[in-house]
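Undergrad: As numbered in this note's numbering, residues 76 to 335 make up the sequence shown, in order. Even glycine gets a Cβ: it sits at the ideal position worked out from N, Cα and C.
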Amino acid sequence: MLQDWKERAASVWCKWLDVNPNHHLVKAPQPDLPCPCPLSLLPGFAGSCLPRFSTMPFIYCNINEVCHYARRNDKSYWLSTTAPIPMMPVSQTQIPQYISRCSVCEAPSQAIAVHSQDITIPQCPLGWRSLWIGYSFLMHTAAGAEGGGQSLVSPGSCLEDFRATPFIECSGARGTCHYFANKYSFWLTTVEERQQFGELPVSETLKAGQLHTRVSRCQPGFTGPGIKEWKWKWHHSPSAPVIHQQNFCFLFPRHYVLLA
Numbered sequence: 076m077l078q079d080w081k082e083r084a085a086s087v088w089c090k091w092l093d094v095n096p097n098h099h100l101v102k103a104p105q106p107d108l109p110c111p112c113p114l115s116l117l118p119g120f121a122g123s124c125l126p127r128f129s130t131m132p133f134i135y136c137n138i139n140e141v142c143h144y145a146r147r148n149d150k151s152y153w154l155s156t157t158a159p160i161p162m163m164p165v166s167q168t169q170i171p172q173y174i175s176r177c178s179v180c181e182a183p184s185q186a187i188a189v190h191s192q193d194i195t196i197p198q199c200p201l202g203w204r205s206l207w208i209g210y211s212f213l214m215h216t217a218a219g220a221e222g223g224g225q226s227l228v229s230p231g232s233c234l235e236d237f238r239a240t241p242f243i244e245c246s247g248a249r250g251t252c253h254y255f256a257n258k259y260s261f262w263l264t265t266v267e268e269r270q271q272f273g274e275l276p277v278s279e280t281l282k283a284g285q286l287h288t289r290v291s292r293c294q295p296g297f298t299g300p301g302i303k304e305w306k307w308k309w310h311h312s313p314s315a316p317v318i319h320q321q322n323f324c325f326l327f328p329r330h331y332v333l334l335a
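Next comes the structure, spelled out in structure tokens:
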């Protein structure tokens, strides 16, 4: 049985990049399971994809060279999964199912996201290869008027799954996570050509089942020479997990949006 498994694993075919990749991107599909790199790109590292989770992943220091941990009501924000919103704050072993997993990959060129401002999937530029398709995530807010988001050219602005609450707030010292009514997400909307300059926007309220009708679609992609089909022998040991596929998507600390 074990020998058969090894033979099957050794015969796995993957796309291998015959280049020297030096660009990084984060793959965050919003499930609570590890996610592979798109198109079998090489694993890499990036700051928003942390290898370990904590409701308080940071420490704060003052001008007197004194640092404190778990002493204030600081909060952290994480890209969440599509799991149903819980009725009450979750803690300890209940938290993982709500925290999105991510992989960091190396690509032969800088990856970009293309947005359609329509419900149709936009096409990548000629000669570019698609990474995934998704929805155009524009901005998120935390406390008060503070808000932020990634550039629309970044693959991070294109989330594979749409939900009105794409991130979860964790209270550091209390060790709990929950979704709150005063946290908002902003998505790039659809725009008709005739509405660009000639008409005023018409107010409307969209409810469950209608949300996708006004959210722009997007598609990240990359380009690069020398992409070939190679036969790759895959090896895996249960005692040595692939760490880059176990990471968590960290958005921003405290009450401020520091997503970069």
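Three-state secondary structure (DSSP) at His311?
TA: Mapped onto the sequence shown, residue 311 falls at position 236. Residue confidence for His311 is low, a pLDDT of 30 falling below 50, so the modelled location carries little weight and cannot support an answer.
Undergrad: Please identify the residue among Ser211, Thr168, Ala145 whose C-alpha is closest to the C-alpha of Val266.
TA: Working through the sequence shown from its first residue, we reach residue 266 at position 191. Among Ser211, Thr168, Ala145, the Cα nearest to that of Val266 belongs to Ser211.
Undergrad: For Gly127, does the count of other Cβ atoms within 10 angstroms reach 16, so buried, or fall short, so exposed?
TA: Translated into positions along the sequence shown, residue 127 becomes position 52. Correcting the residue type first, residue 127 is Arg in the shown sequence and not Gly. Label assigned to Arg127: exposed.
Undergrad: Taking the alpha-carbon positions, what's the Ile302 to Lys150 distance?
TA: Numbered from 1 along the sequence shown, position 227 holds the residue referred to as residue 302. Numbered from 1 along the sequence shown, position 75 holds the residue referred to as residue 150. Annotation note: pLDDT 40 at Ile302 (below 50); position unreliable, no value reported.
Undergrad: Do the region 170-188 and the region 273-291 touch if we need at least three Cβ pairs shorter than 8 Å?
TA: Because the criterion of three Cβ pairs below 8 Å is not met, the region 170-188 and the region 273-291 do not touch.
Undergrad: Check the Cβ-Cβ distances between Met214 and every residue of chain D, and say whether any is below 8 Å.
TA: Absent from the structure is chain D; it holds one protein chain and no more.
Undergrad: For Glu142, collect the residues of the same chain with a Cβ closer than 8 Å to its Cβ; drop the 5 residues on either side in sequence, then sort them by chain order.
TA: Locating residue 142 in the sequence shown gives position 67, counting from the first residue. The residue asked about is misnamed: residue 142 is Cys in this sequence, not Glu. Answer for Cys142: Ile134, Tyr135, Cys136, listed in chain order.
Undergrad: Do you know offhand how far Ile174's Cα is from Ser155's?
TA: In the sequence shown, the residue the question calls residue 174 occupies position 99. In the sequence shown, the residue the question calls residue 155 occupies position 80. Each residue's alpha carbon lies about 5 Å from the other.
Undergrad: For Trp207, write down the residues that DSSP places opposite it in a beta bridge.
TA: Counting from 1 along the sequence shown, the entry for residue 207 is found at position 132. DSSP output for Trp207 lists no bridge partner at all.
Undergrad: Within 10 angstroms of the Cβ of Tyr152, are there 16 or more other Cβ atoms? Answer buried if so, exposed if not.
TA: By one-based count along the sequence shown, residue 152 stands at place 77. Classification for Tyr152: buried.
Undergrad: Can you say whether Leu206 is buried or exposed, counting buried as having 16 or more other CB atoms within 10 angstroms of its CB?
TA: On the sequence shown, residue 206 is found 131 positions in, with the first residue counted as 1. Looking at its Cβ environment, which holds 16 or more other Cβ atoms inside 10 Å, Leu206 is buried.
Undergrad: Among Thr264, Gly231, His215, Cys252, whose alpha-carbon lies nearest the alpha-carbon of Cys177?
TA: Taking the first residue of the sequence shown as position 1, residue 177 is located at position 102. Here the closest residue by C-alpha is Gly231.
Undergrad: Measure the alpha-carbon distance for Pro241 versus Pro200 and round it to whole angstroms.
TA: Your numbering for residue 241 matches position 166 in the sequence shown. Your numbering for residue 200 matches position 125 in the sequence shown. Taking the straight line from one Cα to the other gives about 28 Å.
Undergrad: Run through DSSP, which three-state label would Glu244 get?
TA: Looking up residue 244 in the sequence shown gives position 169. Reduced to three states, the DSSP call for Glu244 is strand.
Undergrad: Between the alpha carbons of Arg292 and Tyr259, how many angstroms are there, rounded?
TA: Your numbering for residue 292 matches position 217 in the sequence shown. Your numbering for residue 259 matches position 184 in the sequence shown. Computed Cα separation, rounded: 19 Å.
Undergrad: Out of Ile194, Gly250, Glu244, which one is the CA nearest neighbour of Arg289?
TA: Residue mapping note: residue 289 aligns to position 214 of the sequence shown, counting from 1. Measuring from the Cα of Arg289, the nearest candidate turns out to be Ile194.
Undergrad: Within its chain, find whatever has a CB closer than 7 Å to the CB of Arg238; leave out the 5 residues flanking it on each side and keep chain order.
TA: For this step, residue 238 is matched to residue 163 along the sequence shown. Hits under 7 Å: Thr157.
Undergrad: Just curious, the beta strand (DSSP E) that Thr251 is in, first and last residue?
TA: Counted from its first residue, the sequence shown places residue 251 at position 176. Thr251 -> beta strand (DSSP E) spans 251-253.
Undergrad: For Gln225, count neighbouring C-beta atoms within 10 Å of its own C-beta (all shown protein chains included) and say buried if the count is 16 or more, exposed if not.
TA: Counted from its first residue, the sequence shown places residue 225 at position 150. Classification for Gln225: buried.
Undergrad: Measure the alpha-carbon distance for Gln270 versus Thr298 and round it to whole angstroms.
TA: In the sequence shown, counting from the first residue as 1, residue 270 sits at position 195. In the sequence shown, counting from the first residue as 1, residue 298 sits at position 223. Going by the C-alpha atoms only, they are around 34 Å apart.
Undergrad: Assuming contact is defined by CB atoms lying nearer than 8 Å, are Thr264 and Pro164 in contact in what I supplied?
TA: In the sequence shown, counting from the first residue as 1, residue 264 sits at position 189. In the sequence shown, counting from the first residue as 1, residue 164 sits at position 89. Cβ distance not < 8 Å, so Thr264 and Pro164 don't count as in contact.
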